[in-house]
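Participant:
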Amino acid sequence: MSILISKDTRFIVQGITGREAVNLTRENLDYGSKIVGGVTPGRAGRDVYGVPVYDCVRDVVEAHGQIEGSVVSVPPRFTKDAVFEALENGIRLIVVVTENIPRREVAQMVELANLRGARIIGPNCLGMISPEEAKMGGVGGPAANTRQAYAKGHIGVMSRSGGMTTEIASTLTAAGLGQSTCVSIGGDAIIGTTYAELMPLFEADSETHAIAIYSEPGGRMEAELAEWIQTNNSRLPVVAFMAGRFMDEMQGMRFGHAGTIVEGKEDTTAEKIKRMEAAGISVAERIEEIPALLRKRLEEV
Amino acid sequence: MRFYEYEAKALFRKHGLPLGAGEVVNSAADARAAFGRLAGPAVLKSQVLSGGRMKAGAVKFADSADEAAAHFDAILPIVVKGESARSILIEEKSPVAQEYFVAITWDGRAKQPVLVFSDMGGIDIEEVAEKHPDHVSKTHFSSILPLTPRIAKEAIGATGVGGSALNRLTPVVFELMKIFLKYDLTLAEINPLARLENGQFIVLDGHIDMEAEARGEHKALLDELGIGDDETRQARPPTEFELAGARVNAVDHRGVAGNVVEFDGNLGLVIGAGGGSLTLFDAVRNHGGKPANYCEIGGNPSVGKAKELTKLILSKPGVEKIAVMMNVVSNTRVDIVARGVVKGCIEAGKDPAETIAIFRIPGAWEDEGFKILEKYGVEYCDRSVSMYDAAGRAVAKMA
Amino acid sequence: MAGLFIDIKVAAEVAKNPETARKLEEVCPVGIFAAREDGVEIVDDNLDECTLCDLCLAAAPSGSIEIIKLYEA
Ligand code: SF4
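Order-wise, the sequence lines are chains A, B and C.
Position one of the first sequence corresponds to residue 188 (our numbering), numbered consecutively onward.
Position one of the second sequence corresponds to residue 908 (our numbering), numbered consecutively onward.
Position one of the third sequence corresponds to residue 40 (our numbering), numbered consecutively onward.
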């Protein structure tokens, strides 16, 4: 099993004729994902690697029946509308790839998604993958590269960085630890689904035995995760890697992702590490320590 | 992207928020003249983006035109947390009966705007929240439902404010909420919001932060306020090197080779992407290395862009070697980056084999990339060498 | 002049065909071919940007275009 997506998940790509979207469509198809249609206004009737293109989401749903997911890869100015369109046409799992979307618009998408009982992953993310089942989004790149880095197994991965999702998976795979599902959750200050919001899904997935996360300065997401683990007495051991320790002394400077900025004490890596360790999360100094830490924690269970 | 106080106030004025009389001045003579136009005593405030100007002595009170001119000369040269004053704001100083605090910001956990109100303004809000929690209210509100004054009224009332003060404050707070959403702000703060002894309510000081991503959307407002495109308004002004980095990134639209931040070390870094750069920068420092810069490459930049970035970093005095490192890449191509950095070294008149301390970018098109590195004698490694160890190899060569 | 990493050779008779020149200019994502009245011209400055996508090979008669990786051999 896995969370969020499996080889049976049917999804569409909004903005499918864009440069990045074309790549992503091919990579996802090659990996075995079921993309039933794509949307680009004014381009109905074309196809992208055999995937039919429609003018709007409603037309895809009319032609193919209810669809579970959508990958949104449209320019920032059009993203909110595209997400609203997916939500109002009954799509309940939306991966937003686009970056540079102002917080107000992200908050609006998330609020409508909550009202509709839907989930947004991202924005500014590479999507997710259940290895050897399917992937949704650019995570891992071309299918051959993806197969090299990701293997099926029992570790759930969550990462604020798309690239580091693959670095961690690749390190786990090399150490003989496969993954259940890996989610690139996005690097913005407001995102659709945080670590803590994914935890109940992993917790309920019998195939997931432990969690590895990649984390950065900025925001309250790690504190929220720590709280969730303590409040819910989670069965899952968690190992975290914290990047950007140098930023603790660099108040107000933005590095990396939009959400990566130290504005107050709670944003620092020192504070986050303290909170996570207090909640029983093992914090790795280096990526390559993650497999051994996971094994150790799994033995203790 | 932070506004100066005088810019924040110009925005408030545009939206009808109550402000006292005041002017921005740029010379002692102007300060003297401005004083004459104000009724009574004045306050002169240095215009800097960082906080702490009061402590630095960059805020002074004047009872006469002579004093205003003298204070101007005294305040202007004061550097507040490394920042020089842009200008001086001179305003009427009115006797205050009570100070309030109001701020709106985004709550990443609730994923909604949060309105923070207190009837104990003027002092550190964190401290008030700790010592007098019943005098601070935090109220979330929807970003999609129509905005009405109800939320403002409830937030104010929750701190025990009633009577005419409640009715006078509500429209001010409500307007600030509208401004917050309208201009994609990440912070809209009035502190203090004062009730004067004469019963008037006015904004004494304000902070505005606008989302960098929304600058294009609000260009009309920024033009109106005179905020130029090249003003990054980060915690410190950009260096020449950083501005040159931004120009490299703007050369074409393919991928990113930018977000260059200058440091004073000797090891040049060509690193990526967002998360990988943070991880690698830590790793270099952990090994005792001294980075000359931070940067991010990603999204499959062109050969030309990677080349120009390499040349820029090598142009920094004292930088003899660069480390080229990324996490496992899937979108960015190893061979394209390899071409860019090798060509950059050659065009800078340097031998790639000597100059590139280590090349660690595994992933898409790595076989092709490694062939290029072989040919030029550059030391490289694949994913079997961790990011941490690759950084260590680069630092070892600096000894 | 060749690039540092890539050189491209177009067979003489194909290079003179304006129709092929136009097609080449259109398919190459990095602007290596420029269509002129009398045929195709190689834009030297862009040679090193070649992504090895092979789209030009498909757009011209087979065997008429050769992409040389100068870092091999
Ligand atoms: S292989 Fe692709 S990039 Fe290279 S010259 Fe041909 S069309 Fe252009």
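By construction, the Cβ of each residue, glycine as well, lies at the ideal position given by its N, Cα and C atoms.
Taking beta-carbon pairs under 7 Å, can you tell me which members of the stretch 1049 to 1060 of chain B lie near chain D?
Facilitator: You won't find chain D in this structure, because its protein chains are A, B and C.
Participant: What are the start and end residues of each continuous alpha helix (DSSP H) run of 4 or more residues lying completely inside the stretch 948 to 1017 of chain B, in chain order?
Facilitator: 972 to 982
Participant: Residues in the same chain with beta-carbon distance under 6 Å from Arg441/A, minus the five sequence neighbours each way, listed in chain order, please.
Facilitator: Ile448
Participant: Does the CB of Glu1169/B have a neighbour CB from chain A at under 9 Å?
Facilitator: Judged by the 9 Å Cβ criterion, Glu1169/B is not in contact with chain A.
Participant: Could you pull out every residue in the same chain whose Cβ sits closer than 6 Å to the Cβ of Ile106/C, ignoring the five residues on either side in sequence?
Facilitator: Ile47
Participant: Per DSSP, Pro1020/B is paired with what?
Facilitator: BP columns for Pro1020/B point to Trp1013/B.
Participant: Per the DSSP calculation, Ile199/A is bridged to which residue(s)?
Facilitator: Gly224/A, Ser257/A
Participant: Show which residues of chain B have a CB atom less than 7 Å away from the CB atom of His444/A.
Facilitator: Gly1181
Participant: Under 8 Å: do the stretch 348 to 361 of chain A and the stretch 1229 to 1237 of chain B share three or more Cβ pairs, one atom per stretch?
Facilitator: The stretch 348 to 361 of chain A makes contact with the stretch 1229 to 1237 of chain B: 3 or more CB pairs, one atom from each, lie closer than 8 Å.
Participant: CA-CA distance, Leu109/C and Glu1281/B?
Facilitator: Approximately 12 Å between the Cα atoms of the pair.
Participant: Can you round the beta-carbon distance between Ile199/A and Ile254/A to whole angstroms, since I take them to be within the 8 Å contact cut?
Facilitator: About 6 Å; that satisfies the 8 Å criterion.
Participant: In chain B, what lies closer than 8 Å to Pro289/A by C-beta?
Facilitator: Asp1091, Glu1118, Glu1120, Ala1121, Glu1124
Participant: Assuming the contact rule is C-beta atoms closer than 8 Å, Glu1094/B and Thr1217/B should be a hit. Round their C-beta distance to whole Å, please.
Facilitator: Here the sequence assigns Leu to residue 1094/B, which means Glu is not the residue at that position. 38 Å between Cβ atoms; not a contact.
Participant: Start and end of the beta strand (DSSP E) containing Thr1046/B?
Facilitator: 1043 to 1047
Participant: List the whole-angstrom C-beta distance separating Glu914/B from Leu1132/B, where the pair is believed to meet the contact cut-off of C-beta under 8 Å.
Facilitator: 5 Å
Participant: Residues of the stretch 338 to 362 of chain A with a CB closer than 8 Å to any CB of chain B: list them in chain order, please.
Facilitator: Of all residues in the stretch 338 to 362 of chain A, Ser346, Arg347, Ser348, Gly349, Gly350, Met351, Thr353, Glu354, Ser357, Thr358, Ala361 have a Cβ within less than 8 Å of some Cβ in chain B.
Participant: Note down, in chain order, every chain C residue with its Cβ under 8 Å from the Cβ of Arg1246/B.
Facilitator: Leu43, Phe44, Asp87
Participant: State the DSSP-derived secondary structure class of Pro239/A, mapped to helix, strand or coil.
Facilitator: strand
Participant: Could you compute how far the alpha carbon of Ile985/B sits from the alpha carbon of Ser934/B?
Facilitator: 15 Å
Participant: Does any C-beta atom of chain C lie closer than 9 Å to the C-beta of Gly1284/B?
Facilitator: no
Participant: Quick check on DSSP: helix, strand or coil for Val369/A?
Facilitator: Contrary to the premise, residue 369/A reads as Cys rather than Val in this sequence. Reduced to three states, the DSSP call for Cys369/A is strand.
Participant: Among all residues, which have a Cβ less than 6 Å from at least one non-hydrogen atom of ligand 1, and in what chain order do they fall?
Facilitator: Ile47/C, Val66/C, Cys67/C, Pro68/C, Val69/C, Ile71/C, Cys89/C, Thr90/C, Leu91/C, Cys92/C, Asp93/C, Leu94/C, Cys95/C, Ile106/C
Participant: Hey, could you find the ends of the alpha helix (DSSP H) Gly110/C is sitting in?
Facilitator: The sequence given here has Tyr at residue 110/C, not Gly. Here Tyr110/C belongs to no alpha helix (DSSP H), and DSSP marks it neither H nor E.
Participant: Taking Cβ-Cβ distances below 9 Å as the criterion, which residues of the stretch 1249 to 1278 of chain B are in contact with chain C?
Facilitator: Val1249, Lys1250, Ile1253, Trp1272, Glu1275, Lys1278
Participant: Identify the contact partners of Val185/A in chain B, using a Cβ-Cβ distance below 7 Å as the criterion.
Facilitator: Because chain A is modelled from 188 through 488, residue 185/A falls outside the range shown and cannot be assessed.
Participant: Tell me which residues of the stretch 1179 to 1211 of chain B have at least one Cβ-Cβ distance to chain C shorter than 8 Å, keeping chain order.
Facilitator: Ser1209, Val1210, Gly1211
Participant: Under three-state DSSP, which class holds Lys1282/B?
Facilitator: If DSSP states are grouped into helix, strand and coil, Lys1282/B belongs with the helices.
Participant: Is the beta carbon of Glu1203/B sitting closer than 9 Å to the one on Gly1175/B?
Facilitator: no
Participant: State buried or exposed for Lys483/A, treating a residue as buried only when at least 16 other CB atoms are found within 10 Å of its CB.
Facilitator: exposed
Participant: Of all the CB atoms in chain C, is at least one closer than 9 Å to the CB of Asp1242/B?
Facilitator: yes
Participant: Could you please give the first and the last residue of the uninterrupted alpha helix (DSSP H) stretch that includes Asn1307/B?
Facilitator: The shown model of chain B, from 908 to 1306, leaves out residue 1307/B, and the question about it has no answer.
Participant: Any contact between the stretch 305 to 316 of chain A and the stretch 275 to 287 of chain A? By contact I mean 3 or more CB pairs, one from each, below 8 Å.
Facilitator: Enough Cβ pairs lie closer than 8 Å, so yes.
Participant: Pop quiz: Ala305/A and Ile192/A are said to be a contact at Cβ under 8 Å. What is the actual Cβ separation, rounded to whole angstroms?
Facilitator: In fact, because the Cβ distance is near 14 Å, the residues do not count as touching under 8 Å.
Participant: Starting from Ser1001/B, find everything on chain A with Cβ-Cβ shorter than 9 Å and list it in chain order.
Facilitator: Within chain A, no residue comes near Ser1001/B; the closest Cβ sits about 32 Å away, beyond 9 Å.
Participant: Can you tell me where the beta strand (DSSP E) holding Ser402/A begins and where it ends?
Facilitator: 397 to 402
Participant: Answer with yes or no whether the minimum CB distance from Thr90/C to chain B is below 9 Å.
Facilitator: yes
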